[in-house]
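Engineer:
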Amino acid sequence: MTTPTLMPYDEALGRFEPVLGVETHVELGTASKMFCGCATTFGAAPNTQVCPVCLGLPGSLPVANAAAIEATIKIGLALNCSIAEWCRFARKNYFYPDMPKDFQISQYDEPLCFDGYLDVEVNGEVVRVGIERVHLEEDTGKSLHVGGATGRIHGADYSLVDYNRAGIPLVEIVTKPVEGTDRLAPEVARAYATELRELMRALGVSDVRMEEGSMRCDINVSLMPRGSSEWGTRTETKNVNSLRSIERAVRHEIERQAAILADGGTIIQETRHFHEDTGETTSGRSKEEAQDYRYFPEPDLVPIAPDRAWVEELRAGLPELPSVRRKRLRSEWGVSELDMQAMLNAGAVEPVEATIAAGATPADARKWWMGELARRANESGTPLAELAVTPAQVARVAALVAEGTLNDKLARQVLEGVLAGEGEPDEVVAARGLKIVGGDEELGAVIDQVIADNPDVADKIRSGKVAAAGALVGAVMKATRGQADAGRARELILEKLGAA
Amino acid sequence: MSLTRRTAAELGAMIASGEVSAVEVTQAHLDRIAEVDDKVHAFLHVATESALAQARDVDARRAAGEELGPLAGVPVAHKDIFTTADMPTTCGSKILEGWQPPYDATVTARLRAAGLVILGKTNLDEFAMGSSTDNSAFGPSHNPWDLTRVPGGSSGGSSAAVAAFEAPLSTGTDTGGSIRQPAAVTGIVGMKPTYGGSSRYGLVAFASSLDTPGPFARNVLDAALLHEAFSGHDPLDSTSIDQPVPPVVEAARQADVSGMRIGVVKEFSGEGYQPGVLARFQEACDLLESLGAKVVEVSCPSFTYALPAYYLIAPSEASSNLARFDAMRYGLRVGDDGTRSAEEVMALTRAAGFGPEVKRRIMLGTYALSSGYYDAYYGQAQKVRTLITRDFEAAYEQVDVLISPTTPTTAFRIGERADDPMAMYLADLCTIPSNLTGNAAISVPCGLADEDDLPVGLQIMAPVLGDDRCYRVGAAVEAALQSRWGAPLLDKAPAL
Chain A
1 MTTPTLMPYD
11 EALGRFEPVL
21 GVETHVELGT
31 ASKMFCGCAT
41 TFGAAPNTQV
51 CPVCLGLPGS
61 LPVANAAAIE
71 ATIKIGLALN
81 CSIAEWCRFA
91 RKNYFYPDMP
101 KDFQISQYDE
111 PLCFDGYLDV
121 EVNGEVVRVG
131 IERVHLEEDT
141 GKSLHVGGAT
151 GRIHGADYSL
161 VDYNRAGIPL
171 VEIVTKPVEG
181 TDRLAPEVAR
191 AYATELRELM
201 RALGVSDVRM
211 EEGSMRCDIN
221 VSLMPRGSSE
231 WGTRTETKNV
241 NSLRSIERAV
251 RHEIERQAAI
261 LADGGTIIQE
271 TRHFHEDTGE
281 TTSGRSKEEA
291 QDYRYFPEPD
301 LVPIAPDRAW
311 VEELRAGLPE
321 LPSVRRKRLR
331 SEWGVSELDM
341 QAMLNAGAVE
351 PVEATIAAGA
361 TPADARKWWM
371 GELARRANES
381 GTPLAELAVT
391 PAQVARVAAL
401 VAEGTLNDKL
411 ARQVLEGVLA
421 GEGEPDEVVA
431 ARGLKIVGGD
441 EELGAVIDQV
451 IADNPDVADK
461 IRSGKVAAAG
471 ALVGAVMKAT
481 RGQADAGRAR
491 ELILEKLGAA
Chain B
1 MSLTRRTAAE
11 LGAMIASGEV
21 SAVEVTQAHL
31 DRIAEVDDKV
41 HAFLHVATES
51 ALAQARDVDA
61 RRAAGEELGP
71 LAGVPVAHKD
81 IFTTADMPTT
91 CGSKILEGWQ
101 PPYDATVTAR
111 LRAAGLVILG
121 KTNLDEFAMG
131 SSTDNSAFGP
141 SHNPWDLTRV
151 PGGSSGGSSA
161 AVAAFEAPLS
171 TGTDTGGSIR
181 QPAAVTGIVG
191 MKPTYGGSSR
201 YGLVAFASSL
211 DTPGPFARNV
221 LDAALLHEAF
231 SGHDPLDSTS
241 IDQPVPPVVE
251 AARQADVSGM
261 RIGVVKEFSG
271 EGYQPGVLAR
281 FQEACDLLES
291 LGAKVVEVSC
301 PSFTYALPAY
311 YLIAPSEASS
321 NLARFDAMRY
331 GLRVGDDGTR
341 SAEEVMALTR
351 AAGFGPEVKR
361 RIMLGTYALS
371 SGYYDAYYGQ
381 AQKVRTLITR
391 DFEAAYEQVD
401 VLISPTTPTT
411 AFRIGERADD
421 PMAMYLADLC
431 TIPSNLTGNA
441 AISVPCGLAD
451 EDDLPVGLQI
461 MAPVLGDDRC
471 YRVGAAVEAA
481 LQSRWGAPLL
491 DKAPAL
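Residue numbers (the UniProt record's numbering), protein chains in the order written: chain A, 1 to 500; chain B, 1 to 496.
#1: What are the residues of the segment 185 to 214 of chain B that lie near chain A, defined by any Cβ-Cβ distance shorter than 9 Å?
#2: Among the candidates A:Val437, A:Gly232, A:Phe274 and A:Ile69, whose CA atom is the shortest distance from the CA of A:Asn407?
#3: Could you pull the start and end residues of the alpha helix (DSSP H) that A:Lys142 belongs to?
#4: State the Cα-Cα distance for the pair A:Gly347 and A:Met210, rounded to the nearest angstrom.
#5: Grouping DSSP H, G and I as helix and E and B as strand, with all else coil, what is A:Lys460?
#6: Given B:Ala128, which residues of its chain have a CB within under 7 Å of its CB, disregarding the five upstream and five downstream residues?
#7: What residues of chain B sit near A:Lys142, judged by a beta carbon separation below 7 Å?
#8: Beta carbon of A:Gly421, beta carbon of A:Ala388: below 8 Å?
#9: Let me know the secondary structure DSSP gives B:Ala217 once reduced to three states.
#10: Measure how close the beta-carbons of residue 504 of chain A and A:His252 come, nearest whole angstrom, since I'm counting them as under 8 Å.
#11: Quick one, are the C-beta atoms of B:Leu332 and B:Gly353 less than 8 Å apart?
#12: First and last residue of the alpha helix (DSSP H) that includes residue 510 of chain B?
#13: So the beta strand (DSSP E) A:Tyr117 belongs to, where does it begin and stop?
#14: Does the beta-carbon of A:Val146 have 16 or more other beta-carbons within 10 angstroms, so that it is buried, or is it exposed?
#15: According to DSSP, simplified to helix, strand and coil, what is A:Met1?
#16: Please list the partners that A:Val302 has in chain B, where partner means a Cβ-to-Cβ separation under 9 Å.
#17: Just the C-alpha distance for B:Pro88 and B:Phe138, rounded to the nearest angstrom, thanks.
#18: Using the three-state DSSP reduction, which class does A:Leu13 fall into: helix, strand or coil?
#19: For B:Leu287, collect the residues of the same chain with a Cβ closer than 6 Å to its Cβ; drop the 5 residues on either side in sequence, then sort them by chain order.
#20: Is it buried or exposed for A:Met1, if we count other Cβ within 10 angstroms and need 16 for buried?
#21: Tell me which residues of the segment 261 to 278 of chain B have at least one Cβ-Cβ distance to chain A shorter than 8 Å, keeping chain order.
#22: So what does A:Pro169 bridge to, in DSSP terms?
#23: Using only CA atoms, which one of A:Ala78, A:Val174, A:Glu138 and A:Gly43 lies nearest to A:Ala316?
#24: Taking the alpha helix (DSSP H) that B:Tyr367 belongs to, which residues open and close that run?
#25: Determine, using beta carbons only, whether B:Ala427 and B:Gln274 come nearer to each other than 8 Å.
#26: Quick one: residues in its chain with C-beta nearer than 6 Å to the C-beta of B:Ala28, no 5 flanking neighbours on either side, listed in chain order?
#27: Would you kindly work out how many angstroms separate the C-alpha atoms of B:Phe216 and B:Glu228, rounded to a whole number?
#28: What residue from B:Gly18, B:Thr26, B:Ala47 and B:Ile33 has the CA that sits closest to B:Gly65's CA?
#29: Are the CB atoms of A:Ile447 and A:Ala489 nearer to each other than 8 Å?
#30: On a CA-only basis, which of B:Gly415, B:Pro405 and B:Asn439 is nearest B:Ala449? Give me that one, please.
#31: Would a check of beta-carbon distances place A:Met1 closer than 8 Å to chain B?
#32: Which complete beta strand (DSSP E) runs does the segment 374 to 411 of chain B hold, if anything under 3 residues is left out?
#33: Under 8 Å, do B:Val74 and B:Leu11 count as touching if we go by C-beta distance?
#34: Comparing C-alpha positions only, which one of A:Leu261, A:Gln291, A:Tyr192 and A:Ile260 sits nearest to A:Leu243?
#35: Counting only beta-carbon atoms, is A:Leu55 nearer than 8 Å to chain B?
#36: Any beta-carbon of chain B closer than 8 Å to the one on A:Gly59?
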């Protein structure tokens, strides 16, 4: 694999304007599959959640999952789409071992939802991303190609197929071409995917875990020379499995395509694969060898004609959408858009909200989740919300600090204990003996001893060198093995030495 | 009278009264199969053990005082396109040879639930594509009236089994005439119910929007009893109609056409129709008049486009439905020697496993659905379908049922049309319109053609969910003709 020539990003943006498109597949979190009653639990032993229908056995027939249709309509409504009055499923025909019927039941020219938009914020600016369509289809099985260098079917010694995933309801959300993002194209793509993920979570229709494949993005990028209004040839990049990768893939395609175009070359309309390790894309299947999918209306299913009153009921029942909610929380918590964005990216909004609900101040809640806990989540590679600590426990730790029982250092140790499964914060405090050295009286005795041990330093302070107090505070902390309130210790030291 | 000459209704009653056991009835038919099936070749699989076990079960339940249905203990031959958890299901194809499904089709399950004893699986044109059983990978079935002739198709094993007294009842599927045409050329009754009136779940799909399971019997009442036994709404089939089964048994018993308006489809006559067929059809029209019906001529101009439309729609759907036979999960696998890719194994398997007619239709359908051709072929064909529906609707404003010959000719010779697909396709000329619109239609015997002394069928078509009308008119014709002949038509068939 030769490393492609790239044009530096700034130069590329100076000469070309990018046009973006994103196709997102979201696995719905319905209890059963799209066209049969099989369970959809992730991670079950291979080929244990299958039946004649999702295995495509001869004679079997699909029956559409009403819950999946409802979820798709909710998604469409949340994306400001029109909902089709009448539409059909269609068969997409192609041969592949992980597709049990050798056709996929999808939707073609009659999507369930169409013509909407999603507003996303990038650097405080609102970008409106048009939504072309939202349609419903079934997922394929999952192939594991064993042997060979690439992990792809070509060159593999043999392949294994797990049909547990076959027939899981999949919603495809396709944007309209997004123009005018200019140099923010990578950020816009990422912000769109982030916002979409938040939206899916708020609707409760999917767990949208990119690392488990329950949300997958394909990125379309094309360039047009500055001053032109004619779109260039686009590439479609697959295998983009994280929000960060989305940003990197867009940037890479801009740099790669710009280099080719500047060199007088042409962009081939093709599918490309993103490589997480190198941040590059490589050529997949080109459109010349592209399949003719021979779409036609699925004769085994009846058309979907959502009742208008029901659609309005669903609209009325939509939860508060993430962007609205963030605006509300920002004003309630008094945080900047940037801080909110950071919390959003870290997955901290829900935990912070719950911690506040459990009694903590917004500042405290944010401090613990975005600080110590975010660090620990990063270290262990665990999503923040999945750390073994509850918002109520965090709120309790914050309360212990506020009432003076703990200092921040001790609080961190308590959280460590909670994460290690040592019990509730109060239990950890008791078991580890983590308590600030008592009240002023007890602390005062320690300070008196420290002043007596360090007469030189004490004299400096008496003569007005207040900064020297740090040394005595350090000595107090050492003497109490860190279990003292450093701030209070400093106050008492200054008081005792007449420097307050 | 031998048990195998009895009607299904009689056998059911005899078993119910204890006059004869289900085991005796089953054994009599198994004996008959052993005696004649090497000549007829109606069966691909005879399930001797499981049939006798089922019969014993019926006898035991009867003895225990359980209330059973009218067909409990009566044998049935089952077309080998319905899945059966305890028998192979081949669809007449090498590609599925030896495949044993893990599940029962809804029709299969309902046969069992009604206490019917499944004798075995019957021969068919591969994946129900054909009008002769010439296209079966396992050799053709033979017409009991003349063993050198076809028993029709695709459900030819089922028609032959009933006509040869190997079973009083059998199941079939009708996509373009695959029940009615075999019934007509073997002198028995065959009914295509309203599309969606009988479940397709577990019926291996040929053309999903057309396939319809239906019954064969030697008389109209028996057909109605079997129809009732396996029909009705099935939540596993989205295209199944959620309404009660029309009162078919009651209609078969009513057998009265006085005051009914009957339309003769003008377009189904003339060139290509055998004179003996037209003569018997005309007599049937006169007979209906004499029974008090009003017979009028009706024009359905779009019907002439039905055949070409059908040969775009059915192959298109088939090309997609048959894609799954790819050697990956079940059935035949060719060329898997460790050196070939999955794609090559798929191609080699499909080349070896499908017969020429199946390949022809897959190619036709793949072409018709291709990008750039879809609108001109599949799209146009769907429009024709709408026109035919309108013709039917207009006709049913004037009449209660429409009638025509079931097929333009009597049974042709085995192999005669094997190399001439167009001639073969013409066998379904009169039956196809009802498939395109989902209407109900039945074929009942109306005599023998003068030229060849072979059976002629009368087709009676009724609107969607008007299945009872088919039985009502069919039973009236049957009763009048039998009283004229003094015996059922099949009594004239030569002994095997």
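All residues carry an ideal CB built from backbone N, CA and C; glycine is no exception.
Structural biologist: Taking the structure as given:
#1: Listed by position along the chain: Ser199, Arg200, Tyr201, Gly202, Leu203, Val204, Ala205, Ala207, Ser208, Ser209 and Leu210.
#2: The candidate whose alpha carbon is nearest that of A:Asn407 is A:Val437.
#3: It is not in any alpha helix (DSSP H) - A:Lys142 instead sits in the beta strand (DSSP E) that spans Lys142 to Val146.
#4: Taking the straight line from one Cα to the other gives about 13 Å.
#5: Helix.
#6: Setting aside the 5 residues that flank it on each side, B:Ala128 is surrounded in the same chain by Ile81, Ser154, Thr173, Thr175, Ser178 and Phe206, each with a C-beta closer than 7 Å to its C-beta; the list follows chain order.
#7: By Cβ distance, chain B contributes nothing, its closest Cβ being about 14 Å from A:Lys142, past 7 Å.
#8: For A:Gly421 and A:Ala388, yes; Cβs fall inside 8 Å.
#9: Residue state for B:Ala217 is assigned as strand, using DSSP reduced to three classes.
#10: The first residue shown for chain A is 1 and the last is 500, placing residue 504 of chain A beyond what the model contains.
#11: Cβ atoms of B:Leu332 and B:Gly353: closer than 8 Å.
#12: Residue 510 of chain B is absent from the structure shown; chain B starts at 1 and stops at 496.
#13: If you look at A:Tyr117, you'll find it in the beta strand (DSSP E) that goes Cys113 to Val122.
#14: A:Val146 comes out exposed.
#15: Bear in mind that a pLDDT of 43 at A:Met1, under 50, signals an unreliable position, so the number given afterwards is only what the model happens to contain. The DSSP-derived three-state label of A:Met1 is coil.
#16: Simply Ser238 and Thr239.
#17: Between the alpha carbons of B:Pro88 and B:Phe138 lies a gap of roughly 14 Å.
#18: In the structure shown, the three-state DSSP call for A:Leu13 is helix.
#19: Excluding sequence neighbours, B:Leu287 sits near Ala480.
#20: Unreliable positioning characterises A:Met1 in this predicted model, as indicated by a pLDDT of 43, which lies under 50. The coordinate reading is nonetheless provided below. Per the 10 Å Cβ criterion, exposed.
#21: Residues of the segment 261 to 278 of chain B with a C-beta atom less than 8 Å from some C-beta of chain A do not occur.
#22: A:Glu138.
#23: Closest in C-alpha terms to A:Ala316, from the list A:Ala78, A:Val174, A:Glu138 and A:Gly43, comes A:Ala78.
#24: First-last of the alpha helix (DSSP H) with B:Tyr367: Pro356 to Ala368.
#25: At a Cβ-Cβ threshold of 8 Å, B:Ala427 and B:Gln274 do not count as neighbours.
#26: So the list reads Leu3 and Thr4, once near-sequence residues are dropped.
#27: B:Phe216 and B:Glu228 have their C-alpha atoms roughly 12 Å apart.
#28: Residue B:Gly18 is the option with its Cα nearest to B:Gly65.
#29: If you check the CB distance, A:Ile447 and A:Ala489 come in under 8 Å.
#30: Of the candidates B:Gly415, B:Pro405 and B:Asn439, the one whose C-alpha sits nearest the C-alpha of B:Ala449 is B:Pro405.
#31: Confidence in A:Met1 is poor, its pLDDT being 43 and thus under 50, which makes the residue's placement unreliable; the coordinate value appears in the next sentence. No, A:Met1 does not count as interfacial toward chain B.
#32: Secondary structure in the segment 374 to 411 of chain B: the beta strand (DSSP E) runs of 3 residues or longer, each lying completely within the stretch, are 401 to 405 in chain order.
#33: Going by C-beta atoms, B:Val74 is nearer than 8 Å to B:Leu11.
#34: When only C-alpha atoms are compared, the closest one is A:Tyr192.
#35: Proximity of A:Leu55 to chain B, defined by a Cβ-Cβ separation below 8 Å, is satisfied.
#36: By this cut-off, A:Gly59 is an interface position.
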